[in-house]
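*Asks:*
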Amino acid sequence: MLFPPSWRAAVRTAPALPLPASGTQRLVPARVGYSPLVFTVLTSLWLSTVCNLALWRELHRLPDLTATQALTLTGLMGFLIFLLITALMSLAAWRWTLKPLLTVFCAAAAFGAYFMMSYGVVIDKTMMVNTLQTDFRETRDLFNWRLLATVAVLGALPIYVVWRQPMRFASAGRQLAANLGSFTAAFLTFVLVLMVFFQSIAPVMHTYTHLRYLINPLNSFYALGQLAAKPFQKNFSVILPLGQDAKLGAQYTGQVKPPLLMLVLGETARSGNFGVNGYARNTTPKLAAEQIASQRNAWSCGTSTAASLPCMFSNLGREDYGSRADNTEGLLDVLQHAGLAVLWIDNQSGCKGVCDRVHSVRSVDAAHPPEPTLCPGGECFDEVMLRGLEERIAALPAEQRAKGVVVVLHQIGSHGPAYYQRSPAAFKRFLPECANNALQSCAT
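Those letters in the sequence shown? Residues 1189 to 1632, per the numbering used here, in order.
#1: Quick check: the Cα distance between G1308 and G1538, rounded to an integer number of angstroms?
#2: Just reading off the alpha helix (DSSP H) that V1350 is part of, what are its end residues?
#3: Alpha carbon to alpha carbon, how far is A1242 from L1259? Give it in angstroms, no decimals.
#4: Taking the alpha-carbon of V1444 as reference, which of G1592, Q1536 and A1337 has the nearest alpha-carbon?
#5: Can you round the beta-carbon distance between N1432 and H1525 to whole angstroms, since I take them to be within the 8 Å contact cut?
#6: For Y1410, does the three-state DSSP call read helix, strand or coil?
#7: Any idea if E1621 is buried or exposed, counting beta-carbon neighbours within 10 angstroms, 16 or more meaning buried?
#8: What does the alpha-carbon distance come out to for the pair L1320 and E1559?
#9: Specify the secondary structure class of Y1222 as computed by DSSP and reduced to three states.
#10: May I ask which residues mark the beginning and end of the alpha helix (DSSP H) holding S1388?
#11: Considering only residues of the same chain and omitting the five flanking positions on each side of A1626, which have a CB-CB separation below 6 Å?
#12: Along the chain, where does the beta strand (DSSP E) containing H1598 start, and where does it finish?
#13: Can you give me the Cβ contacts of E1326 inside the same chain, cut-off strictly under 8 Å, excluding the 5 residues immediately before and after it?
#14: DSSP three-state call for A1529: helix, strand or coil?
#15: Identify, in the order they occur along the chain, each residue of the same chain with its Cβ nearer than 7 Å to the Cβ of V1546, setting aside the five sequence neighbours on each side.
#16: If distances are taken between C-alpha atoms only, which option among N1535, N1404, L1415 and Q1363 comes closest to C1239?
#17: Go ahead and pull the three-state DSSP assignment for S1459.
#18: By alpha-carbon positions, which one of R1484, F1462, A1468 and N1485 ends up nearest to K1474?
#19: So, at 8 Å on beta carbons, what are the nonlocal neighbours of A1358 in its own chain, with the 5 sequence-adjacent residues on each side left out?
#20: Under a three-way DSSP split, which group does V1309 fall into?
#21: Using DSSP with H/G/I as helix, E/B as strand and the rest coil, what is S1548?
See the structure below:
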């Protein structure tokens, strides 16, 4: 017997404890909550350290720094980033704004950390334009388990902790004083540390300007701010003309048959990896069989479509392109001014404004629906642009066609990171290939 009879009787006859009536004192004390400053400091510490691994990696790769110098600079920059984020968050440390702000910071930092670590990119204005202009197909190709895992650890985990914990806010006046106090302390410390160690930081940041675009997540917000301010800096409602007096020369007009010029645009590629340019592998056997002119010293304005495509058709050189006016006409406009018919066929993410004033079509439209053989999985091979080409050329103005036609084929090319999806199986020569969009998981 576990309990004696006397104990059982006592249990049966013991009076029941009265339940607390409504409005009486709770048996369990209410959760007190944490000060907004605690959330601000801890989140800033997380963002400035763990979420900036790409920056720390790049600092330790700089050839001009010893291991000790790189470690010292890592500590200095980490502390400065921590102070700056703390100062910014302190201004928004209010009941209805702090947690949403922390959520945005953590989410932006998580995505930024993944792409900078995985692909070695920097997040600047051009990259932000490329991100905002991307389509569903490109977005889908970027998703993999590494992205989800990184975002879960660096973003979702701290966001979950932030929303699970209560906050203790003071009255409006006291909260304002606390916010201003923490902002002032963080900002003045930031200025003081920067002044003391300026000679150690400035030369590195001046020599390696790309480092500033690795400061996560401030790089994303800075890029968005630049884009938001852009309409106020220039008048984009008026397109500045270019080459309106362009005319076809006597040698051109003397031809018996109007020419057809095909321009094929693809992804940015390394000149050194072309067989016709001396690469060890014969990657371009078809081109090698033709009499071609290969410009071996040609440089792209960038590796993103948003940067390289408009620059390619600009009248400015690569060095001057960065300060160009975005509302200026380009080569296709000049060709059209000269009287030629211009057609842009797009099998990528758009022409980025280059074809806005010429006739342009998508590779797949209502009149040319996708075919299973050319468009497996909803993404079309570049061959699809040849389908119905004569019909599309015939639809151009007859007067312009009589002088000549320029057709631009904007191909998906070797657009990454899902490179294995860009070529049909019958055309694959260099095997095995990386059949994964997480390129880090492939050995070769």
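Quick reminder that beta carbons are idealized off the backbone N, C-alpha and C, glycines included.
*Replies:* Quick answer:
#1: 24 Å
#2: L1345 to R1352
#3: 14 Å
#4: For the options G1592, Q1536 and A1337, the alpha carbon positioned closest to that of V1444 is the one of G1592.
#5: The amino acid at residue 1432 is misidentified as Asn; the sequence shows Gln. Right, the Cβ-Cβ distance comes to about 5 Å (below 8 Å), so this counts as a contact.
#6: helix
#7: Result: exposed.
#8: 29 Å
#9: strand
#10: F1386 to T1395
#11: N1332 and R1334
#12: Unbroken beta strand (DSSP E) run through H1598: V1593 to H1598.
#13: So the qualifying residues of the chain are S1537 and H1603.
#14: strand
#15: L1520, Q1524, V1530 and W1532
#16: With distances taken between Cα atoms, C1239 lies closest to N1404.
#17: helix
#18: F1462
#19: A1366
#20: coil
#21: strand
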